[in-house]
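Step one of this worksheet: look at the structure below.
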Ligand code: ADP
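Residue numbers (UniProt numbering): 1 to 204.
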């Protein structure tokens, strides 16, 4: 969320004169309090200003935190997802490892051949475990984490939802699917970190 120049000015007045009433802020800006009503609403709803009855406005110090939170809630999964690497369940561990290197991916999604729906997911460690166990010719169908145990997200969920799912379930990657579990893309830890860096740069 981007603050207007007037909202920025209000924050700066509150920082320098807190606690300060709405009327006092309005008079410093040469405006009426009612003109500023929506600005006060935005600034208190985002948690940037704290409105205390009979005292006035106080700066909460939360600007960056709340703006980052807002931004993460405004970005949608479909804005940050990328193409997923998909293979069929009969793909061998050996071929899956080749795919990982070829596409520089961290995980591979397994798609059911008949209905094209997400059937499983195989991570780097899954493949490493199979390689150590000398299961190079084993089909992914045997080693994959399968439905219904796969954590997924949908394109219209927020980046914050995706970040929470990744964090709560301690996974590296989140398949993005339609309501019918057809694969649309993926969001990984890397994309969340990239978004975080991008947003903090725009705050500087
Ligand atoms: P790695 O094992 O390379 O560290 P992950 O942390 O993503 O990568 O995977 C850990 C385990 O969780 C693996 O067994 C993997 O199959 C499984 N896994 C990965 N992503 C998901 C997901 N979205 N939903 C459910 N399980 C997953």
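For glycine and all other residues, C-beta sits at the position ideal for the given N, C-alpha and C. Source: prediction; values computed, not measured.
If you follow the alpha helix (DSSP H) that residue i is part of, which residue opens it and which one closes it?
i: residue 153; result: Careful: residue 153 lies outside any alpha helix (DSSP H) and carries neither H nor E.
i: residue 140; result: 140-143
In terms of residue numbering, what span does the beta strand (DSSP E) encompassing residue i cover?
i: residue 15; result: Element bounds for residue 15: not the beta strand (DSSP E) but the alpha helix (DSSP H), 5-17.
i: residue 184; result: 183-188
i: residue 171; result: Per DSSP, residue 171 belongs to no beta strand (DSSP E) and is neither H nor E.
Among the residues of its own chain, which have a CB less than 8 Å from the CB of residue i, if the five just before and after it don't count?
i: residue 120; result: 89, 109, 110, 140, 141, 144, 145, 146, 147 and 150
i: residue 86; result: 108, 109, 110, 111 and 183
i: residue 56; result: 18, 19, 20, 21, 22 and 24
i: residue 76; result: 155, 156, 157, 158 and 159
i: residue 15; result: 59
i: residue 11; result: 3, 43, 48, 49, 59 and 63
i: residue 195; result: 72, 75, 80 and 159
Taking 7 Å as the cut-off, is the beta-carbon of residue i closer than that to any non-hydrogen atom of the ligand ADP?
i: residue 178; result: no
i: residue 99; result: no
i: residue 161; result: no
i: residue 169; result: yes
i: residue 214; result: Any property of residue 214 remains undetermined from this structure, which presents the chain solely from 1 to 204.
i: residue 117; result: no
i: residue 73; result: no
i: residue 104; result: no
i: residue 28; result: no
i: residue 110; result: no
i: residue 130; result: no
i: residue 146; result: no
i: residue 175; result: yes
i: residue 150; result: yes
i: residue 93; result: no
i: residue 164; result: no
i: residue 122; result: yes
i: residue 280; result: Limits of the chain in this structure are 1 at one end and 204 at the other, which puts residue 280 out of reach.
i: residue 107; result: yes
With residue i and residue j assumed to form a contact (beta carbons below 8 Å), what rounded beta-carbon distance in angstroms separates them?
i: residue 135; j: residue 93; result: 6 Å
i: residue 185; j: residue 171; result: Their Cβ separation, rounded to whole angstroms, is 16 Å, which puts residue 185 and residue 171 out of contact at 8 Å.
i: residue 153; j: residue 122; result: With 8 Å as the limit, residue 153 and residue 122 do not qualify as a contact, their Cβ atoms being about 19 Å apart.
i: residue 46; j: residue 74; result: Not quite, the Cβ-Cβ distance comes to about 12 Å (not below 8 Å), so this is no contact.
i: residue 191; j: residue 80; result: 5 Å
i: residue 96; j: residue 127; result: 6 Å
Can you give me the Cβ contacts of residue i inside the same chain, cut-off strictly under 7 Å, excluding the 5 residues immediately before and after it?
i: residue 33; result: 22, 23 and 26
i: residue 116; result: 182
i: residue 178; result: 184
i: residue 83; result: 185
For residue i, which residues in the same chain have their Cβ closer than 6 Å to its Cβ, ignoring the five residues on either side in sequence?
i: residue 113; result: 88
i: residue 72; result: 159 and 160
For residue i and chain E, any beta-carbon pair shorter than 8 Å?
i: residue 173; result: Absent from the structure is chain E; it holds one protein chain and no more.
Alpha helix (DSSP H) runs contained entirely in the UniProt domain "CBS" (80-138), provided each spans 4 or more residues: 93-103 and 124-132
Which runs of the beta strand (DSSP E), 3 residues or longer, sit entirely within the segment 20-60? 49-52 and 56-59
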